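Colleague: No gaps in the numbering here: position 167 of the sequence shown is 167 in full-length UniProt numbering, and each next residue is one more. We put the beta carbon where it would ideally sit given N, CA and C, even for glycine. Bear in mind the structure is a predicted one, so any value in this text is a computation, not a measurement. One structure, as structure tokens, below. Some questions next.
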Amino acid sequence: MARAGRKRKIGVLREKNGKPSRAGKRITTEQENMRAAVEYRQSVFGLSPKDAMDQKASTVHGRLCLQGAISQAQWQAAENWLDIVNAMSAALQSPRGFKTAGSCTPMTISEELEAAKYQAIKDAYDKANDAIEDHAPVEECKARLIAMRTIVIEGVDQPSMHGTLRTALNGLAKHFGLESRSKAA
Numbered sequence: 001m002a003r004a005g006r007k008r009k010i011g012v013l014r015e016k017n018g019k020p021s022r023a024g025k026r027i028t029t030e031q032e033n034m035r036a037a038v039e040y041r042q043s044v045f046g047l048s049p050k051d052a053m054d055q056k057a058s059t060v061h062g063r064l065c066l067q068g069a070i071s072q073a074q075w076q077a078a079e080n081w082l083d084i085v086n087a088m089s090a091a092l093q094s095p096r097g098f099k100t101a102g103s104c105t106p107m108t109i110s111e112e113l114e115a116a117k118y119q120a121i122k123d124a125y126d127k128a129n130d131a132i133e134d135h136a137p138v139e140e141c142k143a144r145l146i147a148m149r150t151i152v153i154e155g156v157d158q159p160s161m162h163g164t165l166r167t168a169l170n171g172l173a174k175h176f177g178l179e180s181r182s183k184a185a
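See the structure below:
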């Protein structure tokens with residue numbers, strides 16, 4: 001005897017109860033997601049397919065490095081500084097930057113943060129900021145810190161700040177011992 005109703009569609013994702021899955025059309029693979037991200041980076045930022053696959057392409061200062069606006073040492077200095085800023089934010093229990101702003105996890109290292117550990121984080125933060133300032137006039141120091149915060153932390157590309165960013169990153173690269181590598185223009 002034949003079954004009542006329409007015949008089942010072949011090759012359709014189904015839920016556990018046997019009904020066709022409505023989400024089946026929306027399921028994408030990791031490769032499809034990555035391809036979309038690479039195409040976006042290529043069209044919006046003008047990167048080559050190889051550069052668009054690079055992890056650096058996900059940040060503004062990484063794209064500047066890929067495009068040759070800053071050197072590899074300057075990029076590494078920016079990453080080191082970002083780690084120090086995040087550690088200081090965690091020590092002060094302040095909100096994180098834009099990368100993790102949507103997460104629901106609180107920003108705490110530990111309830112019993114030792115004074116020595118906090119002092120080490122604070123000293124590293126102060127020394128890094130002193131390296132950015134690097135005996136410049138007050139206005140220039142503020143401009144360097146604003147460029148670092150805008151481009152590296154907030155991820156906003158401001159072409160007018162690229163020169164100031166390079167100057168700040170040169171001071172950081174020297175501070176972290178990365179200046180022996182070649183410098184960008």
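1. Could you pull the DSSP bridge partners for P20 from this structure?
2. Looking only at its chain, what residues have a beta carbon closer than 6 Å to the beta carbon of H175, apart from the 5 residues adjacent to it on each side?
3. Between which two residues does the alpha helix (DSSP H) harbouring R166 extend?
4. Taking 8 Å as the cut-off, does the region 29-37 touch the region 133-144 (at least 3 CB pairs, one atom from each stretch)?
5. Looking at the structure shown, is A185 part of a helix, part of a strand, or coil, going by DSSP?
6. Whose C-alpha, out of A52, E140, P20 and S58, is nearest the C-alpha of G155?
7. Excluding the 5 residues preceding and the 5 following A52 in the sequence, name in chain order all residues of the same chain whose CB lies nearer than 7 Å to its CB.
8. From R166 to Q31, what distance separates their C-alpha atoms?
9. Sort A91, S21, K117 and D157 by Cα distance to G11 and report the nearest one.
10. Around the Cβ of N33, are there at least 16 other Cβ atoms within 10 angstroms (buried) or fewer (exposed)?
11. Tell me the DSSP secondary structure of V60 in three-state form.
12. Do L13 and A78 have their beta-carbon atoms positioned less than 9 Å apart in this structure?
13. Hey, would you say E140 sits closer than 9 Å to T164, going by beta carbons?
14. Going by DSSP in three states, L47 sits in which element: helix, strand or coil?
15. Taking the alpha carbon of V85 as the point to measure from, which residue in T29, A143, K127 and L66 has its own alpha carbon closest?
Modeller: Taking the definition as stated:
1. Taking the first residue of the sequence shown as 1, we reach residue 20 at position 20. According to DSSP, P20 bridges with R14.
2. Start at 1 with the first residue of the sequence shown, and residue 175 comes out as number 175. Taken in chain order, the residues that qualify are A131.
3. The residue labelled residue 166 in the question sits at position 166 within the sequence shown. Its alpha helix (DSSP H) spans residues H162 to F176.
4. no
5. In the sequence shown, residue 185 corresponds to position 185, counting from 1. For A185, the predicted model reports a pLDDT of 46, less than 50, meaning its position is unreliable; a value from the coordinates is still stated below. Three-state result, A185: coil.
6. In the sequence shown, the residue the question calls residue 155 occupies position 155. The shortest Cα separation from G155 among A52, E140, P20 and S58 belongs to S58.
7. Here residue 52 corresponds to residue number 52 of the sequence shown, with the count starting at 1. V38, R41 and Q42.
8. The count along the sequence shown starts at 1 and reaches residue 166 at position 166. The count along the sequence shown starts at 1 and reaches residue 31 at position 31. Cα to Cα, R166 sits roughly 35 Å from Q31.
9. For this step, residue 11 is matched to residue 11 along the sequence shown. For the residues A91, S21, K117 and D157, the minimum Cα distance to G11 belongs to S21.
10. Against the sequence shown, residue 33 aligns to sequence position 33. Exposed, since its Cβ has fewer than 16 Cβ neighbours within 10 Å.
11. Residue numbering aside, residue 60 sits at position 60 when the sequence shown is read from its first letter. Helix.
12. The residue you call residue 78 lines up with position 78 of the sequence shown. The residue you call residue 13 lines up with position 13 of the sequence shown. No, they are not a contact pair.
13. Your numbering for residue 140 matches position 140 in the sequence shown. Your numbering for residue 164 matches position 164 in the sequence shown. Result yes, Cβ atoms of E140 and T164 sit closer than 9 Å.
14. Here residue 47 is taken as the residue at index 47 of the sequence shown, counted from 1. Correct three-state label for L47: coil.
15. If you number the sequence shown from 1, residue 85 lands on position 85. V85 has its Cα closest to that of K127, out of T29, A143, K127 and L66.
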